[in-house]
Every structure is written in C-alpha cells, then in structure tokens.
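Numbering (the numbering used here), first residue to last: 2 to 110. The C-beta atom is built at its ideal place from N, Cα and C for all residues, glycine as well. Below is one structure; the comments refer to it alone.
Here it is, written out as structure tokens:
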C-alpha cells in the first residue's frame, strides 16, 4: 500500500533485523512495531537514537499497545509518533509526509 503512494519500503521480522536494516538502508522514516521478537521496538528505537549513522531518522511506532505507560515508554525511547492499531491509513500517510496531526498522542499541546 505504501509503495502505491510513492514510498520505498522494506521489512524486518524481528528487532535485530530491523536495526541492521535501518543502519544499512538509512531510511528517512522507520515504521516500528513495539512487540517485536528478539529485541522489542523500544530497544530498537533507543539504539537507533544512539547511532551516529541513523539517529536522526523519524520513528513512528505502529502498535497494539496504546496505554499511557506505553506512550511514555515510546517517548523515552526516542519514538516520534505513536499510532495504535488498527491504523487509520490517512493518519499514517500524514505522519509519513511529516505533518503533525491531532491524533498523534506524543505531540505536545
């Protein structure tokens, strides 16, 4: 679906592969599930943020975990936006284009 909107995509099956691919591909935006096997999305985000190579990428969490504590952990891990599944495609596309929207729970009021 994202390809049809003009975005180049890749995927990973676990946290370690996600981190490795992020470092090798150098994407502008990383869509990151929090509940990844091996290394969760919070740890992937922390490691990305510490990286001189990829640390500036925008990280958008796409997750089923939407509680206040989950959002706090995402923010502390360096995740820019936290979208809860099921994802509204128009909201995701807006985030991918770099425009903040009202449903971004990490946006500052």
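Problem set entry | Beta-carbon gap between residue 79 and residue 59 smaller than 8 Å | Judged by their CB atoms, residue 79 and residue 59 are not nearer to each other than the 8 Å cut-off.
For this session: For residue 36, count neighbouring C-beta atoms within 10 Å of its own C-beta (all shown protein chains included) and say buried if the count is 16 or more, exposed if not.
Result: Its Cβ having fewer than 16 others within 10 Å, residue 36 is exposed.
Exercise. Quick one: Cα of residue 44 to Cα of residue 9, how far?
Worked result: If you take the alpha carbons of residue 44 and residue 9, they lie about 24 Å apart.
For this session: Could you check the C-alpha separation between residue 29 and residue 92 for me, to the nearest Å?
Result: Their backbone Cα atoms lie some 18 Å apart in a straight line.
For this session: Please go through the segment 20–107 and give each complete alpha helix (DSSP H) segment of 4 or more residues, from N-terminal end onward.
Result: List check, alpha helix (DSSP H) in window: 42–51, 69–78 and 90–97.
For this session: Report the residue from 54, 88, 15 and 49 whose alpha carbon sits nearest the alpha carbon of residue 77.
Result: The shortest C-alpha separation from residue 77 is found at 49.
Problem set entry | Pick from 86, 82 and 19 that is closest to residue 97, judged by C-alpha positions | Of 86, 82 and 19, the residue nearest in Cα terms is 82.
For this session: Apply the 10 Å Cβ neighbour rule to residue 69 and answer buried if 16 or more other Cβ atoms are within range, or exposed otherwise.
Result: With fewer than 16 other Cβ atoms from the protein chains shown falling within 10 Å of its own Cβ, residue 69 counts as exposed.
Exercise. According to the neighbour-count rule (16 or more other Cβ atoms, all chains shown, within 10 Å of its Cβ), is residue 54 buried or exposed?
Worked result: It counts as exposed.
For this session: Please say whether residue 17 and residue 39 have beta carbons closer to each other than 8 Å?
Result: Annotated as proximal: residue 39 and residue 17, with beta-carbon spacing under 8 Å.
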